[in-house]
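First up is the structure itself, then whatever we jot down about it.
Residue numbers (the working numbering): 137 to 266.
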């Protein structure tokens with residue numbers, strides 16, 4: 137989805153580019169950490185799950201972007217529902233992410249701190265471009 141947008145949007149701003157690049161990188165990092173079990177910290181699995189929710193909740197917005205680019209003329213109610221879903225899901229996902237960070241504060245290691253920092257940058261770039 138993000139790679140498709142890179143190919144077809146030559147006027148993408150820098151914050152959105154950084155958001156998409158971080159999304160792709162974090163997807164692969166999360167998969168590697170889960171598949172190879174680098175650490176035995178359950179918070180990494182939780183953060184990976186949250187990140188997957190974060191990316192998957194972007195799909196309706198991507199469909200609306202395709203509607204805009206292809207001029208399909210979806211009904212306005214669809215736009216309204218998707219935007220409300222997007223805002224609510226972002227708030228819940230980001231709140232849960234920081235709740236997990238707060239709970240796991242005593243068991244931090246370097247890999248978890250890097251993952252938290254990357255996700256934080258990802259969240260802020262998403263908010264900035266929205």
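Backbone N, C-alpha and C define an ideal beta-carbon position, used for all residues, glycine too.
Measuring straight from C-alpha to C-alpha, what distance separates residue 154 and residue 141? 13 Å
Within 8 Å of any Cβ in chain B, is that where the Cβ of residue 156 sits? The structure shown contains no chain B; it is built from a single protein chain.
Spatial neighbours of residue 196 in its chain, beta-carbon cut-off 8 Å, leaving aside the 5 residues before and after: 218, 221, 222
For residue 146 and residue 261, I'd like the C-alpha separation in whole angstroms. Straight-line spacing of the CA atoms in residue 146 and residue 261 works out to 18 Å.
Classify residue 92 as helix, strand or coil using the three-state DSSP reduction. For the chain, the structure presents residues 137 to 266; residue 92 sits outside this window and is missing.
For residue 178, which residues in the same chain have their Cβ closer than 7 Å to its Cβ, ignoring the five residues on either side in sequence? none
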